[in-house]
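For the first sequence, the positions run 8 to 581 when this note's numbering is used.
Each residue gets a CB set at the ideal place from its N, CA and C atoms; glycine is no exception.
If you're wondering where the values come from, they're calculated on a predicted model, not measured in any experiment.
What follows is a single structure, written as C-alpha cells, with notes after it.
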Amino acid sequence: MRYLEMHLPTGREVPSDAEVVSNQLMIRAGMIRKLTSGIYSYLPLGYRVIRKVEQIIREEMNRAGAQEVHMPMVQPAELWQESGRWTYYGKELLRFRDRNDRDYCLGPTHEEVITDLIRNDIKTYRQLPRNLYQIQTKFRDEVRPRFGVMRCREFGMKDAYSFDADEAGAEKSYEKMFTAYKNIFRRCGLRFRPVEADSGSIGGSFSHEFMVMAESGEDAIVFCEKCNYAANLEKAEIARPQKSAGMENNWQPVESVETPCVRTIEEVSAFLNVPPQQIVKTLIFNADGKPVAVLIRGDHEVNEIKVKNVLGAAELELADDEMILKATGAPRGFAGAMGIKVRVIADYSIMNLVNLVTGANKEDYHLRNVNIDRDFKVESFADLRVVQPGDSCPRCGAAIQFVRGIEVGHVFKLGTKYSKAMRAVYLDRDGKEKTMIMGCYGIGVGRTVAACIEQNFDANGIIWPMPMAPYQVIVTPVNINEPDLMKTSEDIYKQLQSCGMEVILDDRDERAGVKFKDADLIGIPLRIVVGPKNLKDGQVELKVRKTGESKLYKTGDVVREVQSIIAAELKEVS
RNA sequence: CGGGGCGUAGCGCAGCCUGGUAGCGCGCUUGGUUUGGGACCAAGAUGCCGGAGGUUCAAAUCCUCUCGCCCCGACCA
Numbered sequence: 008m009r010y011l012e013m014h015l016p017t018g019r020e021v022p023s024d025a026e027v028v029s030n031q032l033m034i035r036a037g038m039i040r041k042l043t044s045g046i047y048s049y050l051p052l053g054y055r056v057i058r059k060v061e062q063i064i065r066e067e068m069n070r071a072g073a074q075e076v077h078m079p080m081v082q083p084a085e086l087w088q089e090s091g092r093w094t095y096y097g098k099e100l101l102r103f104r105d106r107n108d109r110d111y112c113l114g115p116t117h118e119e120v121i122t123d124l125i126r127n128d129i130k131t132y133r134q135l136p137r138n139l140y141q142i143q144t145k146f147r148d149e150v151r152p153r154f155g156v157m158r159c160r161e162f163g164m165k166d167a168y169s170f171d172a173d174e175a176g177a178e179k180s181y182e183k184m185f186t187a188y189k190n191i192f193r194r195c196g197l198r199f200r201p202v203e204a205d206s207g208s209i210g211g212s213f214s215h216e217f218m219v220m221a222e223s224g225e226d227a228i229v230f231c232e233k234c235n236y237a238a239n240l241e242k243a244e245i246a247r248p249q250k251s252a253g254m255e256n257n258w259q260p261v262e263s264v265e266t267p268c269v270r271t272i273e274e275v276s277a278f279l280n281v282p283p284q285q286i287v288k289t290l291i292f293n294a295d296g297k298p299v300a301v302l303i304r305g306d307h308e309v310n311e312i313k314v315k316n317v318l319g320a321a322e323l324e325l326a327d328d329e330m331i332l333k334a335t336g337a338p339r340g341f342a343g344a345m346g347i348k349v350r351v352i353a354d355y356s357i358m359n360l361v362n363l364v365t366g367a368n369k370e371d372y373h374l375r376n377v378n379i380d381r382d383f384k385v386e387s388f389a390d391l392r393v394v395q396p397g398d399s400c401p402r403c404g405a406a407i408q409f410v411r412g413i414e415v416g417h418v419f420k421l422g423t424k425y426s427k428a429m430r431a432v433y434l435d436r437d438g439k440e441k442t443m444i445m446g447c448y449g450i451g452v453g454r455t456v457a458a459c460i461e462q463n464f465d466a467n468g469i470i471w472p473m474p475m476a477p478y479q480v481i482v483t484p485v486n487i488n489e490p491d492l493m494k495t496s497e498d499i500y501k502q503l504q505s506c507g508m509e510v511i512l513d514d515r516d517e518r519a520g521v522k523f524k525d526a527d528l529i530g531i532p533l534r535i536v537v538g539p540k541n542l543k544d545g546q547v548e549l550k551v552r553k554t555g556e557s558k559l560y561k562t563g564d565v566v567r568e569v570q571s572i573i574a575a576e577l578k579e580v581s
C-alpha cells in the first residue's frame, strides 16, 4: 500500500499513561487507541497483525480437526444459572437487563452456550467427538485493567471446546490441542513454554498455560532444568516429605513466655532469639464464612490457591480482626494451634518440626516447645506454601529455576463440570445414557500480539517476526522529487505486489530520516532503500530490521531476493 | 474496594505553592531554502486549564463535591 493513502498515525512521544513497552510501541506505531479504561480500538496496522495471528490460529485449529463457529456475545442469565456460574463468577461478569427486564450478560467465555448447543444437537456416541472453536470478542469486567491490550476488559479470544464420549477420547482431544497450541505459538515466532496451572473459575481437573517468556510478564513460572517439570508459581508443587521417626524423644515441656506487642515473625524471632524456621505462623482464614487455621513455617508464604483447593472453598480470604478475636480469643499476632477451636490444617513444612514456637491465643503471650500430636491435632498435612528459590523439583528433586511469563493460552480438561450441570448427555453403544467429557482451550489474540512485541523490540521500535508482520517489506525512495528514484521505487513496489508480497511504498514527501524512523518504529522486517548514489550503479539497498545488516542488489535482483527471504522465514516456522 | 499519583492545544509538558490578559517543545497550515537516520527560515491556526458549586473586585491557581485516567495489592486469555 502507498503510505500516503494509509491511516497510520505514528507518534514520537511516549504516551504518558502507557507503562509497558508493548503498550507504548503499539500506540506510537499507530496500532491501537484507547477508548476508555481497558477498551481499545485497533487501527489498520494493528488489525492486520491481529488477523495474521487469527489466520495462524485458524490453520492450526482446522488442521487439528476443530471446526469454526460463531456464538453470541450476549447471553441469557438462565444458562449461567444452570451451570451455577451466575452467582459464582462474580463482578467480572458484566450483567444487564433488556427492555423486558430479563437478565443477560456479556460473554466472558462460552462454556454455557456451547454446552447448550451441543446437548441439543448431539444424541449419540456416533456423533462424538466434536471440537468447535470461535474467534470472538469477550468481555470481562476486570478489577484492574492494565498494560494496554495485555489485560483489558474487551478482548479478542479464540476459544475451543471439545466433547468426548470417554476419558480416553478426552485425553486425546487435549493432546491434539496441546500440540496445536505449540504449533501456533511457534509459528508466531514466540519463545514460550507450556506450564502446569491452576484451573481457576473455569474449573476442571487439570490445565496447562502457554507462557511467553518476558520480564514484564505478570506470572511467575517455576521450571526444572533436569526434567520437564514447569508450572505457574501458584500451581508449583512441593513434594510430600517423609515423616521422621522418634521425634517425641526430643519433646520438651511447653513453656509460656510473655511477649508484649511482639506479633510478626521477625519480631518474635528477634525477641526470643529463635530462627524463623523454628516458629510456626498460624494464619486464620475466612473460608466461605468459617474460620480455618493454617499452620506454616515462619519463613514460608502461604499459597492461598492451594489452601482454597485443599479446603474446597469457593471464597477464601484472610480473616478480619473480629473473626480472629472470636476464633483465637486474642487479637491479631498471637494465634497458635494449641487450644484453638477451629479446623487446623498444616503445611508439610512443619510436619517434622519439634519444640515449636507459636502464639498462645492470649494477648502478649507466645509458647515454646509446642509439639504436634501431643499439644494439638492437625486435621491434615498438605502442600500449602509458595515455592521459593532453593526448593527442589517435585518430580526429580533437582534445583528449580524462576522466570516470568505472559499467559497467552490456556488448555483445560474440564471433565463433566458443565456437561453434568447442564445435562449434555448421549447414548452409548449399549443404549445407556452417559455424560459427555469436555475440554476447553483459549488463546488471547491481542495479548499474543502484545507478548510478541515484549519479546521483539529495540530502542527504535518493534521488530516483527515475519509471520506476524503487518507488512513484510517497505520500499523507501529517499527523495520523491527525483523522478528516477520514484520510477525505480514504483517498479519494485509493483513487482513485489504482483508476486503476492505485502509491501508499503513510502511515497511521502519527507526527509529520508523521518521515513527510516517510521519504518523502524512500525517494525517492517525488510526495507528497500532507493537512493541516488546506489541507483547510479543500478543498485538499491536491502536492509534487515532484525539484524540491521544491509546489502546492495541490482534493481532487477532485489525482488527475487526479498521473495526468497520472506519465503524462507515463513517456512522456517510452519 | 483499599493505598498513591495525574487531568492545561493532537502528543509531551511548564504555569498552581504566593490569585491579576494561558505558555514551551513536537506536530499541524502557508511560503521559501533543503533532501541517506526525526532539517532550516518566515508567517500562522489551535484551549469550556476534566466537570459542578463556592470564596474573591478577580480563579488554571484557594476551598468543597464530582467525573475520568494511571500505578501498587485481591483476577485471568
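* Rounded separation between Gln-134 and Arg-339 - CA only -> 59 Å
* Asked: At which residues does the beta strand (DSSP E) containing Val-150 begin and terminate?
  -> From DSSP, Val-150 is part of no beta strand (DSSP E); its letter is neither H nor E.
* To do: Could you name the residues of the same chain whose beta carbon sits closer than 8 Å to that of Trp-87, not counting the 5 residues immediately before and after it, in chain order?
  => Trp-93, Tyr-96, Leu-100, Cys-112 and Glu-119
* For Val-452 and Gly-163, believed in contact at Cβ under 8 Å, the rounded distance -> 4 Å
* For the segment 136-197, which segments carrying the beta strand (DSSP E) assignment without a break, of at least 3 residues, lie completely within its bounds, in sequence order? -> 137-146 and 161-171
* **DSSP-derived helix/strand/coil call for Lys-553** => coil
* Enumerate, from N- to C-terminal direction, the unbroken alpha helix (DSSP H) stretches of 4 or more residues contained entirely within the segment 446-499. => 452-462
* Look up Thr-365 in the DSSP assignment and say whether it is helix, strand or coil. => strand
* Per DSSP, which one or two residues make a beta bridge with Leu-318? -> The partner list for Leu-318 (beta bridge, DSSP) is empty, contrary to what the question assumes.
* Asked: Which residues bound the beta strand (DSSP E) around Gln-408?
  -> 407-422
* **Residues near Cys-159 in its chain [Cβ-Cβ closer than 8 Å; skip 5 each side]** => Gly-45, Ile-46, Tyr-47, Glu-149, Pro-152 and Gly-453
* Extent of the continuous alpha helix (DSSP H) to which Tyr-54 belongs -> 51-70
* Asked: CA-CA distance, Leu-559 and Val-482?
  -> 14 Å
* Measure the alpha-carbon distance for Arg-35 versus Ile-469 and round it to whole angstroms. => 10 Å
* **Buried versus exposed call for Val-521 [16 or more other C-beta atoms within 10 Å across all chains shown]** => exposed
* For Ile-286 versus Ile-272, is the C-beta spacing smaller than 8 Å? -> yes
* Asked: For Val-385, which residues from the same chain have a beta carbon less than 8 Å from its beta carbon, with the 5 sequence-adjacent residues on both sides left out?
  -> Leu-302, Ala-344, Val-351, Ile-352, Ala-353 and Ile-379
* Taking Asp-544 as the reference, which of Lys-561, Gln-395 and Ala-342 has the closest Cα? -> Lys-561
* Figure out for me which residue from Phe-383, Glu-241, Ile-444 and Val-566 has the closest Cα to the Cα of Lys-348. => Phe-383
* Asked: When the Cα of Gly-196 is compared with those of Leu-11, Tyr-188 and Ala-320, which residue comes out closest?
  -> Tyr-188
* Boundaries of the alpha helix (DSSP H) in which Phe-523 is found, first to last residue -> 519-529
* Out of Glu-244, Val-269, Val-361 and Asn-257, point me to the one whose CA is closest to Val-309's CA. => Glu-244
* Would you mind listing the beta strand (DSSP E) stretches within the segment 251-332 that are 3+ residues and don't spill past its ends, in chain order? => 262-265, 287-294, 297-304 and 323-325
* Asked: When the Cβ atoms of the segment 71-89 are set against those of the segment 460-476, are three or more pairs found closer than 8 Å?
  -> no
* To do: From the DSSP output, in three-state form, read off Arg-430 for me.
  => coil
* Using the Cα positions of Gly-296 and Leu-325, report the straight-line distance between them to the nearest angstrom. => 11 Å
* Asked: Among Gly-305, Val-219 and Arg-102, which one has its Cα closest to the Cα of Pro-115?
  -> Arg-102
* Asked: Closest by CA to Ile-142, which one among Asp-128, Tyr-168 and Ile-125?
  -> Tyr-168
* Asked: Closest by CA to Lys-165, which one among Asp-437, Phe-409 and Val-60?
  -> Val-60
* **Phe-217 versus Gly-155, Ala-526, Gly-37 and Arg-193, residue with shortest Cα-Cα distance** => Arg-193
* To do: Take every Cβ of the segment 231-250, pair it with every Cβ of the segment 437-448, and state whether three or more of those distances are shorter than 8 Å.
  => no
* Asked: How big is the Cα-Cα spacing for Gly-538 and Arg-518?
  -> 12 Å
* Segments assigned alpha helix (DSSP H), at least 4 residues, entirely inside the segment 112-137 -> 118-128
* Where does His-417 land, buried or exposed, given buried means 16+ other C-beta within 10 angstroms? -> buried
* **Euclidean distance between Cα positions of Asn-293 and Ala-320** => 10 Å
* **Bounding residues of the beta strand (DSSP E) (the contiguous stretch that carries Met-218)** => 213-220
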